[in-house]
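Our numbering applies: residue 3 is where the sequence shown begins, and numbers increase by one.
Working notes, structure below.
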Amino acid sequence: ILTLVGKADTIGKADDATIRRCHVAVKNNQQPVWYFNDKISLHVFFTEDGRMKRANFLETWRSLPDSNEITRDFPGIVVSNVEATLDRLPASNTFFIAKRKHANQDVFYFSVKIPRGIPF
């Protein structure tokens, strides 16, 4: 019998939710429980049915309380070709919704969906 139990949590600075670590326990009938941690990419949790129509996205966005909004800057990420990047994101179940200018920067909106029961 092989049992895998995993739990993802945030590591690093308290405000850095972009780095996730997966805690795994492997248990079988031949050896003691084996524990390990590993970094994981969040996109592994995104499901392929996360695409939303723009109108539905805006309606959902506006219905959420402002206290639910979290903004993240990723200063270490350099995108040299926006169109090529947008073309690749659907393969990770990350879907482009819109782009706008704010304070002389481009702001992008994406939709993703995670299965129920995965805490974030």
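Ideal Cβ placement from N, Cα and C applies to all residues, glycine included.
Note that the structure is predicted; figures quoted are calculated from it, not measured.
Next item on the list: With a 10 Å radius around its C-beta and 16 neighbouring C-beta atoms as the bar for buried, classify F97 as buried or exposed.
Entry: By the neighbour-count rule (16 or more Cβ atoms within 10 Å), F97 is buried.
Next item on the list: Return the CA-CA distance between P117 and Y37, expressed in angstroms with no decimal places.
Entry: If I take the Cα positions, the gap works out to 25 Å.
Next item on the list: Under 6 Å Cβ to Cβ from R102, same chain only, skipping five residues before and after it: list those, please.
Entry: Taken in chain order, the residues that qualify are V109.
Checklist line | Supposed contact pair S113 and I99 - C-beta distance, whole angstroms, cut 8 Å | finding: Contact flag correct, Cβ pair sits at about 6 Å.
Checklist line | F76 burial status per 10 Å Cβ neighbour count (16 or more: buried) | finding: Around the beta-carbon of F76, fewer than 16 other beta-carbon atoms lie within 10 Å, marking it exposed.
Next item on the list: Would you identify the three-state DSSP class for S94, choosing helix, strand or coil?
Entry: Residue state, collapsed to three classes: helix.
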